[in-house]
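Down below is the structure, laid out as structure tokens.
Protein chains in written order, with the numbering used here: chain A, 156 to 598; chain B, 57 to 362; chain C, 1133 to 1465.
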């Protein structure tokens, strides 16, 4: 019996077209637009200006507080301007725009890709290094990783959980990383274990990646403390609360964090970035991005420099298909539809999904028939039909009582609804209204 | 009369009487004393329960009016000065007559003027669309056309024009309660002074992009050229972030700015048509020159307060 | 790519369930029972079903188009389903004009007056059925004796149902074991060879439909199982106490509208609870009330009333019996 989380969940079609595409380096673009806000927390402050020459890995924006991150140049060239560019948030946001003039790297970075197993830094130095290198959660949440590793007094961590689940359909970047950079990842896990002072790590992998499970299960024999656990294929297995519940049977309390149950969760992409930062002095300036879709000529996984315009990735994957209806940054369940294909790849861009026209429009909307299917699929035990209605009636206090802030926005409810109701649209609106009320209450 | 009927009448009457006595004593014991003036004031209010006064319903406003020592700051936009005068009389307190206001939609970015560059397929709510992305056009400030303002109105004073995709205010029904102003996520609707004959002059644009970018996304955008600021004889127009704003309290409706504006962003509503002089150039045919002017302006050019 | 990109909030893929598909799945699940009742009751079953379905569709269309001035939604299949279930709840010799009145009440009062699909608190087919039962008690309780295509329609020979015979007999004071000789055996009742309304007779057919609904994930097992289990336990206790004054649980399950009600009427989406906890209480309530009416009440059949009474409690159930939230118990910090 494969482990899974008990409550809710749906089974969207997996469509992993790019699962066997080896990671390729995308050719360098001509310009990059690096957003200064690619992470949760305060936007970074630019430390370069028009005309400055920067090398790959030079810092171009500094962290603006504890919950913030450094941003490094992903290319060698000249800063052409700092301007507002339409990015994947759908709005024009400030970006550092650099004209590319070659590929010279910062001297401190070790360019050789041989495996380095010895960990020379102490736990505090590791967290420092992760902070300096601008590493944020690469699963899509972009939460600054050093904050996650800074355990407040009074909380005890006993297990590190590695999220290799990749439950979103279509996406395969984590899958390929686990197959191609396996040992680097395992060393990265050891680094994180040292930083957290834990001696147990579990890598959770969904059962549709049996090659990765087999490969890693063989390798972890040489890495004490790390185990691989196969999980049943069910969305959203990759949600950290659901992952913790499935692997170690502990429930993160409502309004709480994983460290409240003694666990810290990191994505495999983040782990690989940690290895490169700690062992090779390489800050975060590139990541694996899947480009996929039913009509895409060459579904691929590219190693992309941050700031590369999305249309360059699409070109490299065979060009924009004729029947394109929607282009999504991320997966189909939680990703963000793009309104401009020139939007740059940011730290949180895990994939570019192109949906054909026949899949791009929603079901026609009718009325709620109270079938309770949304209730049965909600992994957080909420009642989406009720939260939807309460948001429309603007009953914010009842929204809070019914747990709207527990919603992880996974989209299972809207996926299932037979009446095609835009449940998650309204629940998100309700969440933003209630979180504003909560914030003003705290003041 | 048979004993059954007699017995029925007596027993039911006794029960009725007993219940009445119990109810009387209970009502007396649990009676809540309320200032009788609250009922009187509530009577005088329009009973729309719209919240435009800032209080929960007309009863809530009546309570606030009775409790407050000074009611000159309190105002019912639906009832207007008449109602406030009546309330003042009941309570023996003073009120000042306030200028009547009306809701004004400050965007002209219809389908014709503002090109659609993508299709929105989400829930029909401006709040949801604006939290997702910049909208179906290149102007991220303009009207989204999904009708949150229309849903918010309790007085049937605003409707969505199907052809233009913009909301239209019915001045006669508008009570200036402010519900549509609150509902619009882009702050496009403003409560402005209601003039005689419902005449209005206002900058129908809230776009803060630089002139060239604004004009590319919408043909009738304010490009921040500043010509209106210079021509206004009453110093009623200010410029901030490439956007002009006409102060309704200073504006004397002289219409000079309307002819001066090169893009047609300033609108004059309910005025008689003007005679066109043959020898003056139509200002609307000079947008290119005005664009260059706007690029030269600094981003926060403020007019000197007169 | 010539057309504009579509932009909408997540999720961007959807499941394949639609309202129409769910409604038609239930209709398909009822087809075995329809087939059995046509086999046993002949033309009467066909006339009643057709009248009910057509009049329900007609009334919904007329009310939506002319009274409510909306786009008619009869293509979603819910009116067909209401008509079918109404037909299943009445005897097959019911005259056409009574059926039409029933449809009008079911659709007009039971569904449209509350706001259409999704807004009605009471099961519309049951509202229609109970209205007919109370307004036309004689016609609604004269059950044709099943005789295949020789049964006839309004001229059918009538007789009492096993449930009716049992109730009368027990009231008179006869011993249950004597009464059992006068009614079909358990096996015959399972296959449907007994008097009753169209949908009640064939337990086998209804169970086939139940399996279909479970496989297609249209309903969950909680409501039907809780109703049947409650009735079994309650009547079982009574039977164990006095087997001569109370019929056995299997009899109760196979007769009357228990199976039809438990599987198809109580599980109606709009009028049933939204959480599993709620569904259990709902099912237990229906079971208890059914048995109370059957054993201690004046009517031989109690399922329709029981379901309608519990329908009234569903809003309350939805407020107090909510699903368990993830991470609910622990909240120290």
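C-beta atoms are modelled at their ideal positions from N, C-alpha and C, and glycine is treated no differently.
Report the neighbours of residue i on chain A: residues whose CB is nearer than 7 Å to its CB, in chain order.
i	result
residue 189/B	245, 246, 494
residue 94/B	Within 7 Å Cβ-Cβ: nothing; residue 94/B doesn't reach chain A, min ~26 Å.
Among the options, which has the Cα closest to the Cα of residue i?
i	options	result
residue 521/A	174/B, 101/B, 179/B	179/B
residue 474/A	488/A, 500/A, 447/A	447/A
residue 115/B	224/B, 199/B, 103/B, 168/B	103/B
residue 166/A	325/A, 188/A, 383/A	325/A
residue 281/A	436/A, 314/A, 171/A	436/A
residue 310/B	225/B, 192/B, 258/B, 203/B	258/B
residue 229/B	93/B, 159/B, 173/B	159/B
residue 161/A	330/A, 392/A, 466/A	392/A
residue 320/A	298/A, 368/A, 285/A	368/A
residue 221/A	199/A, 215/A, 450/A	199/A
residue 1431/C	1439/C, 1299/C, 1446/C	1299/C
residue 274/B	188/B, 255/B, 164/B	164/B
residue 1338/C	1135/C, 1148/C, 1161/C, 1151/C	1161/C
residue 312/B	290/B, 295/B, 304/B, 294/B	290/B
residue 439/A	261/A, 554/A, 553/A	261/A
With a 10 Å radius around its C-beta and 16 neighbouring C-beta atoms as the bar for buried, classify residue i as buried or exposed.
i	result
residue 336/B	Caution applies to residue 336/B, whose pLDDT of 49 falls short of 50 and renders its modelled position unreliable; the model cannot decide the point.
residue 1400/C	buried
residue 515/A	buried
residue 1208/C	buried
residue 1463/C	Residue placement at residue 1463/C is poorly supported in this model, since its pLDDT is 48, which falls under 50; the coordinates are not used for a value here.
residue 1458/C	buried
residue 84/B	exposed
residue 540/A	buried
residue 1303/C	exposed
residue 248/B	buried
residue 88/B	exposed
residue 535/A	buried
residue 1314/C	exposed
Using a cut-off of 8 Å between C-beta atoms, extract the partners of residue i located in chain C.
i	result
residue 177/B	1138, 1139, 1140
residue 193/A	The contacting residues do not exist; residue 193/A stays about 19 Å from chain C at best.
residue 538/A	1406, 1407, 1454, 1455
Applying a beta-carbon distance threshold of less than 7 Å, which residues of chain C neighbour residue i?
i	result
residue 219/A	Under the 7 Å cutoff, chain C gives no residues; its nearest Cβ is about 27 Å from residue 219/A.
Considering only their Cβ atoms, is the gap separating residue j from residue i smaller than 8 Å?
i	j	result
residue 1388/C	residue 1320/C	no
residue 1294/C	residue 1283/C	no
residue 476/A	residue 511/A	yes
residue 430/A	residue 340/A	yes
residue 385/A	residue 181/A	no
residue 402/A	residue 310/A	no
residue 263/B	residue 198/B	yes
residue 1378/C	residue 1435/C	no
residue 194/B	residue 272/B	yes
residue 1395/C	residue 1341/C	yes
residue 442/A	residue 187/A	no
residue 1397/C	residue 1257/C	yes
Residues of chain C with a CB under 9 Å from the CB of residue i: which are they?
i	result
residue 173/B	1136, 1137
residue 522/A	1151, 1205, 1247, 1248, 1249, 1250, 1251
residue 535/A	1457, 1458, 1459
Since residue i meets chain A, which of its residues come closer than 9 Å, beta carbon to beta carbon?
i	result
residue 1283/C	Neighbours of residue 1283/C on chain A: none; closest Cβ ~37 Å, over 9 Å.
For a contact meaning CB atoms closer than 7 Å, what does residue i contact in chain B?
i	result
residue 587/A	187
residue 580/A	178, 179, 184
For a test of your reading of the model: does the CB of residue i fall under 7 Å from any non-hydrogen atom of the ligand MN? Yes or no.
i	result
residue 235/B	This structure lacks the ligand MN, and indeed carries no ligand of any kind.
Please compile the residues from chain A whose C-beta is within a distance smaller than 8 Å of the C-beta of residue i.
i	result
residue 183/B	584
Note to self: Restricting to runs no shorter than 4 residues, where is the alpha helix (DSSP H) found entirely within the stretch 1196 to 1275 of chain C?
What the structure shows: 1210 to 1220, 1228 to 1235, 1256 to 1267, 1269 to 1272
Check: Which runs of the alpha helix (DSSP H), 4 residues or longer, sit entirely within the stretch 103 to 161 of chain B?
Finding: 113 to 123, 136 to 147
Next item on the list: Please go through the stretch 1365 to 1402 of chain C and give each complete alpha helix (DSSP H) segment of 4 or more residues, from N-terminal end onward.
Entry: 1381 to 1386
Check: Which full runs of the beta strand (DSSP E) of 3+ residues lie inside the stretch 267 to 337 of chain A, going along the chain?
Finding: 314 to 319
Check: What are the complete beta strand (DSSP E) segments, minimum 3 residues, inside the stretch 458 to 514 of chain A?
Finding: 479 to 484, 506 to 511
Next item on the list: Enumerate, from N- to C-terminal direction, the unbroken alpha helix (DSSP H) stretches of 4 or more residues contained entirely within the stretch 255 to 334 of chain B.
Entry: 267 to 273, 283 to 287, 312 to 316
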